Amino acid sequence: MTQSTDTLLGHPKGLFLLFGTEMWERFSYYGMRAILVLYLIAAVETGGFGWTNSEALALYGWFTMAVYLTPVLGGWIADNVLGQRKSIILGGILMATGHFTLGTPQAWLGDASESAFYIGLILLCCGNGLFKPNISTLVGDLYQEGDSRRDGAFTIFYMGINIGAAIAPLVVGYVAEVINWQLGFIVAGFGMVISVIMQLVLANKYLGEIGVKPSAHGISTEGAAAAKDTPLTAEERDRVKVIVIMSVISIVFWVSYEQAGGLLNIYAKDFTDRHIFGWEMPASWLQSVSAIFVVMFAPVFAGLWTKLGDKQPSSPRKFAFSLLLVGIGFLFMVAATMQQDGDLNVKVSVLYLIVTYMFLVFGELCISPIGLSLVSKLAPIKYLSLLMGVWFACSAIANKVAGVVGGLIGEGPEQINNALSIFAGLAVSGFIAGGLVLLMADKLVEWMHGAEAPTQVEHSELDQDPI
Ligand code: GLN
């Protein structure tokens, strides 16, 4: 694989280009996402669609699911037709067009404004499918098999994701709510345009040839003939098995984690005392807490993995920790609801939520970048982006299930008891799943066939593997 050998902070410079590209793409995505529901429920006179809460949340659930399902197709297209680099550009252009479609003034569209809105969302789903798995696999392509910097690299990349996610709601949310909705979507669209321009201008310099050719057709000139029609070896099949099992395990994590935007958001609004020095902060502000924690703690985790080098825990163990951490996090919510003792009027300290978010983020940092890294190191090269798509598809399922689970809170006086049961259920499921993954960890590591044991492998030999 050919790429620029220049390094920065011990990593190839290309990592920082991918960091910037993804930061701006996530800025556009999370900016749009932050205002989507608000736009739908805003009264028609204020430029919104005047939908009910449940209509808006239902669409939101389907949309956030669809956005993470299309990466399976986008991954396949990159592996077989376009290569990752062209897929990213095309996906970025589609997403920018989607944002600008949402941002077209309703006055220009007249009766067509609702149709234009749906077309915008479809463009976003298709664009994300082409962009998201392929930018992630490119990060992995910067490293040789067995390179212990890989998890650290994905954690740095993940920080880029969350810088975008932390800033976007503030900027796009402000423009949308203070000036107008359409301008909010347009600002989000400009983030996407910056991301595409960065790729167009800098990719050749910093990424060299990686991702230029579809990987199923061979990525290196010498090995080009090998890849396409060769059946998978037994080792490769084992590695695919590990990817699929770990992706399915991630569903348990994301179902809990994604309560942040739904149930925990409602809990923040209705049952949390948000006063600071007599001033009450908006509940939605707590939505940026997780992204801020990721930006704060990602360097700590990246540094930890890099420092531990070959001694760091295996990916399955990191996954197990993430589930246990989620379990611990929800114990704080159990304590919060117990303090309410069934009384709808008791408002608990905001610290419960903040500590819960902190544990969810610790868990996130042990699973989300690690999962990306895992797929990139285990996937047979011709299925690399497709399997990255499978990883995201599990997030899609989890997003939908999370909405259903959060919705169990219901209405009326039973809400506190229902919340208590949901939080306790999520804590217990985290502990059980974490315990099971710990038990399975050795087997999973065995099926990885040395992918995480660089001392047993010689890079030069692996480079010649006919995959
Ligand atoms: N927050 C991360 C992102 O936007 C993770 C998404 C996911 O895998 N569910 O990239």
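Quick note: the sequence shown uses my numbering, first residue 7, plus one each step.
From the three backbone atoms N, C-alpha and C, an ideal C-beta is built for every residue, glycine too.
Just so you know, these numbers come straight off a predicted model, no measurement behind them.
Going straight from the alpha carbon of residue i to that of residue j, what length do you get?
| i | j | result |
| --- | --- | --- |
| GLU228 | LEU392 | Residue confidence is low: GLU228 scores 44 on pLDDT, short of 50, so the model does not pin down where it sits. Its coordinate-derived value is still stated next. Their backbone Cα atoms lie some 23 Å apart in a straight line. |
| PHE429 | ASP85 | 40 Å |
| TYR358 | ARG243 | 44 Å |
| VAL356 | ALA174 | 23 Å |
| GLY20 | ASP12 | 9 Å |
| VAL295 | PRO319 | 27 Å |
| ASP279 | GLY335 | 19 Å |
| GLY146 | PHE160 | 8 Å |
| LEU63 | GLY267 | 11 Å |
| TYR46 | TYR74 | A quick correction: the sequence has Leu, not Tyr, at residue 46. Going by the C-alpha atoms only, they are around 21 Å apart. |
| GLY309 | SER321 | 16 Å |
| VAL78 | THR143 | 13 Å |
| HIS281 | LYS275 | 12 Å |
| ARG32 | GLY135 | 13 Å |
| TYR212 | GLY16 | 15 Å |
| PRO220 | GLY97 | 15 Å |
| ALA194 | LYS449 | 44 Å |
| CYS400 | LEU331 | 20 Å |
| VAL199 | VAL177 | 16 Å |
| GLY456 | GLU151 | 10 Å |
| GLY126 | MET252 | 33 Å |
| ALA341 | ARG91 | 48 Å |
| GLN346 | VAL407 | 26 Å |
| MET165 | PHE25 | 8 Å |
| TRP82 | LYS138 | 12 Å |
| ALA439 | LYS324 | 13 Å |
| GLY3 | SER119 | With the chain represented from 7 up to 473, any question about residue 3 goes unanswered, as that position is not in the structure. |
| GLY431 | GLY416 | 16 Å |
| LEU14 | SER34 | 27 Å |
| TRP187 | PRO111 | 9 Å |
| ASP471 | GLU241 | Note that ASP471 scores 37 on pLDDT, short of 50, meaning its location in the model is unreliable; the coordinates nonetheless yield the value given after this. Roughly 12 Å between the two C-alpha positions. |
| VAL207 | ILE272 | 43 Å |
| LEU108 | PHE299 | 30 Å |
| LEU5 | TRP311 | The structure shown does not extend to residue 5, since the chain spans only 7 to 473, so no value can be given for it. |
| ILE257 | THR70 | 14 Å |
| ASN140 | GLY80 | 8 Å |
| ASN424 | PHE22 | 45 Å |
If you count every other CB in all the chains shown that lies within 10 Å of the CB of residue i, and 16 or more means buried, which is it?
| i | result |
| --- | --- |
| ALA231 | Note that ALA231 scores 47 on pLDDT, short of 50, meaning its location in the model is unreliable and no value can be drawn from it. |
| GLY395 | buried |
| TRP114 | exposed |
| TRP291 | exposed |
| LEU366 | buried |
| ASN168 | buried |
| ASP157 | buried |
| GLY369 | buried |
| LYS313 | exposed |
| GLU452 | exposed |
| ILE203 | exposed |
| ILE225 | Confidence is the limiting factor: at ILE225 the pLDDT is only 47, short of 50, which leaves the residue's position unreliable and the question unanswerable from this model. |
| ASN405 | buried |
| ALA172 | buried |
| LEU445 | exposed |
Which residue wins for smallest C-alpha separation from residue i, given the options the options?
| i | options | result |
| --- | --- | --- |
| LYS383 | PHE55, GLN112, ALA40, ASP153 | ASP153 |
| PHE191 | ILE203, GLY377, ALA40, MET364 | ALA40 |
| ALA385 | VAL248, SER119, GLY54, SER121 | VAL248 |
| LEU442 | SER328, CYS131, VAL367, LEU42 | SER328 |
| LYS317 | GLU458, VAL361, GLY409, SER374 | GLU458 |
| ASP349 | ASP117, GLN421, ILE360, MET287 | GLN421 |
| VAL301 | ASN271, PRO375, SER379 | PRO375 |
| LEU337 | LEU426, ILE162, ALA122 | LEU426 |
| VAL361 | GLY377, ILE373, ARG155, GLY333 | GLY333 |
| GLY409 | PRO111, TYR35, ALA48, LEU65 | LEU65 |
| LEU270 | GLY418, GLY53, VAL411, GLY89 | VAL411 |
| VAL181 | GLU286, LEU44, LEU414 | LEU44 |
| GLY37 | GLU183, GLY179, ASN351 | GLY179 |
| TRP397 | VAL246, GLU215, ILE99 | VAL246 |
| PRO305 | PHE163, MET101, GLY67 | PHE163 |
If you measure from the CB of residue i, is any heavy atom of the ligand GLN nearer than 7 Å?
| i | result |
| --- | --- |
| TRP260 | yes |
| PHE398 | yes |
| TYR74 | yes |
| SER391 | no |
| ILE4 | What is shown of the chain runs 7 to 473, which leaves residue 4 out entirely. |
| SER253 | no |
| ILE125 | no |
| SER401 | yes |
| ARG39 | no |
| SER328 | no |
| SER490 | Nothing in the structure corresponds to residue 490, since the chain is present only between 7 and 473. |
Would you say residue i faces chain C, with C-beta separation under 8 Å as the test?
| i | result |
| --- | --- |
| TYR273 | Judged by its chain identifiers, the structure shown contains no chain C, having just a single protein chain. |
Under 7 Å: does the beta carbon of residue i sit that close to some heavy atom of the ligand ZN?
| i | result |
| --- | --- |
| SER201 | Ligands present in the displayed structure are limited to the ligand GLN, and the ligand ZN is not among them. |
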